[in-house]
Every structure is written in C-alpha cells, then in structure tokens.
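In the numbering used here, each number is its position in the sequence shown, counted from 1, plus 52. C-beta atoms are modelled at their ideal positions from N, C-alpha and C, and glycine is treated no differently. Just below is one structure, and these are the notes that go with it.
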Amino acid sequence: MAPKKAKKKSAEGANSNVFSIFEQSQIQEFKEAFTIMDQNRDGFIDKNDLRDTFAALGRLNVKQEEIDEMLKEASGPVNFTVFLTMFGEKLKGADPEETILNAFKVFDPEGKGVLRKDFVTEMLTTQADRFTPEEMEQMFAAFPPDVAGNLDYKNLVHIITHGEEKDQE
C-alpha cells in the first residue's frame, strides 16, 4: 500500500507544480481557452471538441491524423491540468516573440504571414477576452492592414515584442 501511496503523491506534486509556472491571470486565460475548446462541457478536450473548435475557427477539413497527433502529445485524457502542463512544456524557454507568432500561425496554416482583417476582428471580438470596437479601431490605426485587407501579423508581433518596426529594406 505504501508504494502506491507514494506514487500517487509524486504524481500530484508534478501536477501542482504546473500552477506555479504561470501567474494567476495567465491561468485564468488558459481556463477560458480550455472552456471554449471543451465544446461538450465534460471537463476533457477530446477529438470531437478539437474538430468543433477548428470548425468554429473556420477550418472545416481538418484531417483525423492531425487531431490524433495533437492528442498524442498529452500524457492521457486532456483535462485542464494536462492542458496547462502541455502549455507549460511548449512555452518553457520560448521567447515572447516566438510564442505570440506561434499563436498567430495556428490561424495561418499556409504560412502566408498575413491574416484577413475581418477574420482577426471576428476572433478578437467574439473569443475569450473580447476586444471592444474602440480597441479594434486603435489596433488597426496602429497596425493598418494592406490594400487587400490583410494584416501582416509577423510585423505586428515584432513591434509588440521589440517596440519598433522592422526595417522594410
């Protein structure tokens, strides 16, 4: 009985450490993201939840293999603690620019480096910490889309993390 108990305790310890990696506000944001992705509200993110999340983001033809690969990264069923642990591992040692860029790349599977202004507006005003129309106006005033209505998110991320525009030479 004792070895079993010790094993359980160390597993709990590993899980509780993940909460010390992030600030409380970050944990709350991850919880909001988890809740959005847990479409069936059962406390776990499964294949159907991922498929529904992709559909909500406009990606309808996600291959089953892609979803299986994502779920294989987890140590088991994806509850909130596992979700947070996975983010902790992904973000460990990553610099802020790379982290923010990777978030944008989720919405840019072709790797074009730009996103449609209307898509960015839709995502930022309807998901998680929603932007107000005024905040959207300010963002597009500071980072205007090109004539085709595309937002250069790579330049946006560079300015957010470094404070100045990349040389356009």
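Report the CB separation of residue i from residue j in whole angstroms; it is logged as a contact under 8 Å.
| i | j | result |
| --- | --- | --- |
| Glu-149 | Val-209 | 6 Å |
| Lys-164 | Gly-201 | With 8 Å as the limit, Lys-164 and Gly-201 do not qualify as a contact, their Cβ atoms being about 13 Å apart. |
| Leu-203 | Val-166 | 6 Å |
Between which two residues does the beta strand (DSSP E) containing residue i stretch?
| i | result |
| --- | --- |
| Arg-168 | 166–168 |
| Leu-153 | Unbroken run through Leu-153 is the alpha helix (DSSP H), 148–157; no beta strand (DSSP E). |
| Asn-202 | 202–204 |
Given that a residue counts as buried once 16 or more other Cβ atoms are within 10 Å of its Cβ, and exposed if not, what is residue i?
| i | result |
| --- | --- |
| Thr-137 | buried |
| Asp-279 | A query on residue 279 cannot be resolved here, the shown segment of the chain reaching from 53 to 221 and no further. |
| Val-158 | exposed |
| Leu-153 | buried |
With distances taken from CA atoms, which of the options is nearest residue i?
| i | options | result |
| --- | --- | --- |
| Ile-119 | Gly-110, Glu-174, Asp-101 | Asp-101 |
| Asp-147 | Val-166, Ala-194, His-214 | His-214 |
| Tyr-205 | Glu-186, Thr-151, Thr-184 | Thr-151 |
| Ile-73 | Val-172, Ile-212, Leu-153, Gly-140 | Gly-140 |
| Pro-197 | Lys-142, Phe-171, Thr-184, Phe-71 | Phe-171 |
| Gly-224 | Lys-99, Arg-182, Glu-162 | As shown, the chain starts at 53 and ends at 221. That puts residue 224 outside it, with no answer to give. |
| Phe-88 | Glu-186, Ser-77, Phe-156, Phe-106 | Note on residue identity: the sequence assigns Ile, not Phe, to residue 88. When only C-alpha atoms are compared, the closest one is Phe-106. |
| Glu-125 | Lys-142, Leu-112, Lys-115 | Lys-142 |
| Val-70 | Lys-144, Asp-104, Glu-162, Ala-108 | Lys-144 |
| Met-188 | Gly-110, Arg-111, Thr-173, Glu-75 | Thr-173 |
| Phe-195 | Arg-182, Ile-211, Phe-183 | Ile-211 |
| Ala-85 | Thr-178, Asp-160, Lys-115 | Thr-178 |
| Glu-109 | Ser-77, Glu-75, Asp-181, Pro-161 | Position check: residue 109 holds Leu in this sequence, whereas Glu was assumed. Measuring from the Cα of Leu-109, the nearest candidate turns out to be Pro-161. |
| Asn-207 | Phe-156, Arg-111, Ser-77, Arg-182 | Phe-156 |
Span of the alpha helix (DSSP H) holding residue i?
| i | result |
| --- | --- |
| Asp-101 | 99–108 |
| Leu-136 | 132–143 |
| Phe-82 | 76–89 |
| Lys-115 | Neither: Lys-115 is in no alpha helix (DSSP H) and is coded neither H nor E. |
| Pro-185 | 185–194 |
| Val-70 | 54–73 |
For residue i and chain C, any beta-carbon pair shorter than 8 Å?
| i | result |
| --- | --- |
| Glu-125 | Absent here is chain C; the protein component of the structure consists of one chain. |
Would you call the segment 90–97 and the segment 131–148 in contact, with 3 or more CB pairs under 8 Å? Yes, the segment 90–97 touches the segment 131–148.
When the Cβ atoms of the segment 75–82 are set against those of the segment 110–129, are three or more pairs found closer than 8 Å? no
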